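Residue numbers (this note's numbering): 78 to 434.
Where a beta carbon is used, it is the ideal one built from N, C-alpha and C, also for glycine.
If you're wondering where the values come from, they're calculated on a predicted model, not measured in any experiment.
Encoded as structure tokens, the structure appears first; notes follow it.
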Ligand SMILES: *Cc1c(COP(=O)(O)O)cnc(C)c1O
């Protein structure tokens with residue numbers, strides 16, 4: 078606290094990212110990073126871009142990247158005018174809170190969800206109402222339809238940190254029933270087992286789909302995310318962006334992200350590998366007595382009926398395996414475990430039994 082702080086700063090609750098340990102040989106299953114490297118074509122593109130041209134400002138509209146994303150989704154009528162890009166999807170989400178969710182009525186999101194949503198709500202002074210997940214930790218569309226007037230709806234699909242997927246037909250039912258609300262679907266993990274809502278964008282002007290290159294494209298360190306929606310929604314995001322930072326993506330990020338979006342083979346190979354490892358991880362955890370929520374993400378959410386999650390998390394940390402534990406009461410007995418490489422997951426399954434005696 079300082080007398081120099083503006084009043085709103087004292088009232089913020091900043092997001093706490095998962096630990097990025099300084100020690101090297103830890104097995105890091107706590108921040109949902111991809112165990113496989115990014116596309117070699119992306120790395121080559123970044124290397125080519127590391128040149129004298131860095132003295133020049135980048136393309137303010139990240140045009141090559143928008144063209145690559147549009148090309149990927151051309152069959153759904155997506156053009157560059159339907160696309161917004163930002164410095165990580167967190168930045169895209171932040172701009173969406175300010176540009177599209179700051180209305181008189183409270184916005185709606187699940188009680189158990191990405192903890193950046195309450196953080197942005199406070200930053201932009203957006204009133205919100207949380208809608209409880211069902212007893213089996215699922216999003217129930219009817220609960221949103223019955224919640225009364227709202228200033229917008231946002232949820233991750235699959236949800237975080239549960240990993241549970243809302244079927245696309247249910248996403249559509251919600252979007253179709255709320256034509257006067259913007260519905261933002263945060264698809265950070267959709268490539269690990271769900272169907273994207275991007276094909277719905279051409280039919281629903283109130284739908285904004287947000288994706289990131291951090292998880293399924295293995296580029297968490299490059300900081301690139303994007304949104305796909307009706308050009309009127311995108312125009313609102315561009316207005317905020319151009320009132321904030323005209324160049325959110327640097328030259329290296331535009332080059333790397335564009336090449337990554339174009340490398341479908343690497344994308345498919347690595348996400349399939351993650352999904353295969355997930356199957357083995359779930360089987361292994363079940364065999365040790367864990368209940369694991371059905372995951373369509375690159376992490377699993379698991380609890381043991383007889384062992385406290387905070388103690389398990391600390392025990393694993395002492396063994397050099399880091400997983401994520403949240404203290405929120407409803408999920409305090411769960412561990413969120415990233416699907417790492419086969420050997421990382423094997424190390425976790427080998428470390429666990431002595432903590433379950
Ligand atoms: C990881 C994550 C993001 C954003 O990641 P960026 O690295 O900022 O693109 C957004 N939403 C959810 C639910 C996430 O888990």
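Delimiting residues of the beta strand (DSSP E) encompassing residue i
i           : result
residue 99  : Careful: residue 99 lies outside any beta strand (DSSP E) and carries neither H nor E.
residue 433 : Note, residue 433: premise wrong, no beta strand (DSSP E); not H, not E.
CB of residue i within 8 Å of CB of residue j, strictly
i           : j           : result
residue 60  : residue 216 : Missing from the structure shown is residue 60; the chain here goes from 78 to 434 and no further.
residue 206 : residue 183 : yes
residue 319 : residue 111 : no
residue 314 : residue 161 : yes
residue 366 : residue 169 : no
residue 339 : residue 145 : yes
residue 283 : residue 246 : no
residue 424 : residue 100 : no
residue 267 : residue 288 : yes
residue 328 : residue 126 : yes
residue 95  : residue 401 : yes
residue 278 : residue 248 : no
residue 178 : residue 229 : yes
residue 398 : residue 354 : no
residue 389 : residue 426 : no
residue 293 : residue 380 : no
residue 153 : residue 275 : yes
residue 269 : residue 351 : yes
residue 174 : residue 201 : yes
residue 384 : residue 432 : yes
residue 210 : residue 231 : no
For residue i, three-class secondary structure by DSSP
i           : result
residue 384 : strand
residue 127 : coil
residue 280 : coil
residue 216 : coil
residue 370 : coil
residue 292 : coil
residue 326 : coil
residue 353 : helix
residue 268 : helix
residue 404 : coil
residue 180 : coil
residue 113 : coil
residue 133 : coil
residue 340 : coil
residue 273 : coil
residue 190 : coil
residue 345 : helix
residue 223 : coil
residue 91  : coil
residue 361 : helix
residue 239 : coil
residue 409 : coil
residue 427 : helix
residue 421 : helix
Chain-order list of residues whose beta-carbon lies under 6 Å from that of residue i (same chain, five-residue window excluded)
i           : result
residue 336 : 118, 119 and 122
residue 242 : 235, 271 and 373
residue 239 : 214, 370 and 378
residue 138 : none
residue 291 : 297
residue 191 : 233 and 237
residue 163 : 169, 302 and 325
residue 343 : 116
residue 204 : 183
Residues of its chain near residue i, where Cβ-Cβ distance is below 8 Å and the 5 sequence neighbours each way are ignored
i           : result
residue 222 : 251, 254 and 255
residue 316 : 176
residue 363 : 369
residue 147 : 155, 156, 157, 159 and 160
residue 324 : 134, 135 and 137
Bridge-paired residues (DSSP) for residue i
i           : result
residue 415 : 376
residue 263 : 233 and 287
residue 151 : Answer is none; residue 151 lacks a bridge partner.
residue 185 : 206 and 230
residue 303 : 162 and 288
residue 104 : 398
For residue i, the first and last residue of its enclosing alpha helix (DSSP H)
i           : result
residue 173 : 166 to 177
residue 80  : No alpha helix (DSSP H) contains residue 80, which DSSP labels as neither H nor E.
residue 318 : 308 to 318
residue 196 : 193 to 200
residue 246 : 245 to 254
7 Å CB neighbourhood of residue i in its chain, flanking five on each side removed
i           : result
residue 421 : 104, 106 and 112
residue 91  : 196
residue 286 : 262, 264, 273, 274, 275, 278, 304, 305 and 306
residue 224 : 185, 206 and 208
8 Å Cβ cutoff, residue i in contact with chain D
i           : result
residue 398 : In the structure shown, chain D cannot be found, because there is only a single protein chain.
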